[in-house]
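Chemist: Just so we're aligned, residue 2 is where the sequence shown starts under the working numbering, counting upward by one. Pasting in a structure now, in structure tokens, and then I'll have a few things to ask.
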Amino acid sequence: MMADAGPAGQFVAGGTDLYPNMKRRQQTPQTVISVMKLSELSQISGDPASGIRIGASVTLTDLCAHPVIRQAYPVIAAAARTISTPILRNMGTIGGNLLLDTRCNYYDQNYEWRKGINFCLKKDGDVCWVAPGSSKCWAVQSSDLVPVMVAIGARLRFASTIGERVVDAAGLYNDDGIDYLHKRPDELLVDIELPATNGWRASYRKLRRRGAFDFPVLGVAAFVETGKSGAIEQAKIVLGGIAPSPITINEAAQKLIGYPLDAERIQAAAEAAYIKARPLDNTDFVYSWRKQMAKQYTLRALQDLMAS
Ligand SMILES: Cc1cc2nc3c(=O)[nH]c(=O)nc-3n(C[C@H](O)[C@H](O)[C@H](O)COP(=O)(O)OP(=O)(O)OC[C@H]3O[C@@H](n4cnc5c(N)ncnc54)[C@H](O)[C@@H]3O)c2cc1C
Ligand code: SF4
């Protein structure tokens, strides 16, 4: 069907992102192809000792409620539980969340509002109102599960008429608010492969205005794997909600690797996250405050790991 539809075709899962965008004429596919009746995309299979596969159409509600996910991958259940509202989680899927459109104050508006400012680079216009001299769009990657999947090293399987390919979550996202995925539009996300739970721990902290529901304006995913000596062998700190792609802060990980997780190391990692975080003035809250919060939320995410 996608091959027939050509470039004007687009997949839809729960439609909780795509349909509002279509109403605002931000996304204008001529043919919309639902993936919700493909039963193999709605399964969760495997076991934590060797890894779990989550079908792209598994709803966020089912993801949060799944006993294996809750027990063996609590960071995923916890992050998914912060997404939108219970009703939207009944419709919204993990696949749609990982492929979410980027967001910006000048873009997430109705057609008439956008027309009033003569649109912008991302859709129908030729100027970026956030950085008028820029030829790039800075709209923000705003999914809660993306930083988590990057931090834990999940892999995503895509299928199209020309075959299948598997990519690391870290390699899927592109630092450009318009061309935000390293993926062709005709590629179907089939499933997400989670790594085996062999001794790693991960946590997620989200900054948003309303606790009841809101997109993240900063999300911090922290991952550590500790060796037999008690020292950290692998670490990742990934920030979401501040740039067109998730930002992996290698400098923060370097502050942790080789040491036990203690207050001094956590502080050093949080400082490194602060230095590298460069939010822009195109979502909620003052961006300089969001930068400061990158430190606080990294501290909290790592403290969660200390306590777990
Ligand atoms: C009020 C409101 C609040 C929200 N709050 C949050 C929030 O706090 N955090 C957050 O992360 N998100 C939030 N969202 C966004 C959205 O609800 C979720 O991200 C949801 O998981 C999207 O999933 P979906 O199945 O509805 O995606 P859809 O809208 O169906 O699709 C999203 C994108 O993914 C593509 N797609 C979907 N499935 C596939 C597939 N299998 N293969 C290829 N392409 C595919 C679609 O073409 C589209 O580009 C919110 C939305 C609303 C309306
Ligand atoms: S960052 Fe610039 S081009 Fe991108 S959506 Fe915002 S105003 Fe438009």
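Ideal Cβ positions, reconstructed from N, Cα and C, are used throughout, including at glycine.
Determine the closest residue to Ile250 out of Cys138, Arg26, Ala152, Glu226, with distance taken between C-alpha atoms.
Modeler: Comparing Cα-Cα distances from Ile250 to each of Cys138, Arg26, Ala152, Glu226, the minimum goes to Ala152.
Chemist: Is there contact between the stretch 94-105 and the stretch 136-148, where contact requires at least three CB pairs shorter than 8 Å?
Modeler: These segments touch.
Chemist: Below 8 Å on the Cβ atoms is my contact criterion, and I expect Arg209 with Pro217 to pass it. Report the Cβ-Cβ distance as a whole number of Å.
Modeler: 6 Å between Cβ atoms; contact.
Chemist: Which residues count as close to ligand 2 when the rule is a CB under 6 Å from any of its heavy atoms, in chain order?
Modeler: In chain order, the hits are Cys105, Tyr107, Tyr108, Cys121, Leu122, Lys123, Cys129, Trp130, Val131, Cys138, Trp139, Ala140, Gly178, Asn283.
Chemist: For Val151, does the three-state DSSP call read helix, strand or coil?
Modeler: Note: Val151 maps to helix in three-state DSSP.
Chemist: Under the three-state reduction of DSSP, which class applies to Ala201: helix, strand or coil?
Modeler: Note that residue 201 is Trp in the sequence shown, not Ala. Here Trp201 sits in strand by DSSP.
Chemist: Verify the contact flag: Gly242, CB atom, against every heavy atom of ligand 1, threshold strictly below 7 Å.
Modeler: No; taking the cut-off as 7 Å, the Cβ of Gly242 has no heavy atom of ligand 1 nearer than that.
Chemist: Helix, strand or coil, according to DSSP, for Gly172 in the structure here?
Modeler: In this structure, Gly172 counts as helix in the three-state DSSP scheme.
Chemist: With C-beta atoms as the reference, is Asn199 less than 8 Å away from Ser246?
Modeler: It is not a contact, given that the beta carbons lie outside the stated cut-off.
Chemist: How is Gln72 classed by DSSP in three states: helix, strand or coil?
Modeler: Three-state DSSP puts Gln72 in a helix.
Chemist: Which class does Ile243 belong to by DSSP, given the choice of helix, strand or coil?
Modeler: Ile243: coil per DSSP, three-state reduction.
Chemist: Can you name the residues that DSSP bridges to Ile233?
Modeler: Ile233 pairs with Thr227.
Chemist: Keeping to the same chain, check which residues put their C-beta closer than 6 Å to that of Ala81; ignore five residues upstream and five downstream.
Modeler: Result list for Ala81: Leu61, Leu64, Cys65, in chain order.
Chemist: Mind reading off the beta-carbon distance from Leu281 to Tyr288? Whole number of angstroms is fine, and I expect it under 8 Å.
Modeler: Contact holds; Cβ gap of about 6 Å.
Chemist: From Ala6 to Thr32, what does the alpha carbon distance come to, in whole angstroms?
Modeler: Answer to the nearest angstrom: the Cα atoms are 6 Å apart.
Chemist: Identify every residue that forms a DSSP beta bridge with Lys207.
Modeler: BP columns for Lys207 point to Gly220.
Chemist: So, with DSSP's three-state summary, where would you put Asp5?
Modeler: Note: Asp5 maps to helix in three-state DSSP.
Chemist: Considering only heavy atoms of ligand 1, does any lie closer than 7 Å to the CB of Met92?
Modeler: Checking the Cβ of Met92 against ligand 1 gives yes.
Chemist: If Leu157 sits next to Leu190, beta carbons under 8 Å apart, how far is it from one beta carbon to the other, in whole angstroms?
Modeler: That pair is a contact at about 6 Å.
Chemist: As a quick exercise: from Asn283, Asp187, Ser136, pick the residue whose alpha carbon is nearest that of Glu165.
Modeler: Out of Asn283, Asp187, Ser136, Asp187 has the C-alpha closest to the C-alpha of Glu165.
Chemist: Could you pull the DSSP bridge partners for Arg48 from this structure?
Modeler: One point to set straight first is that residue 48 is Asp, not Arg, in the sequence displayed. Gly52, per the DSSP bridge assignment.
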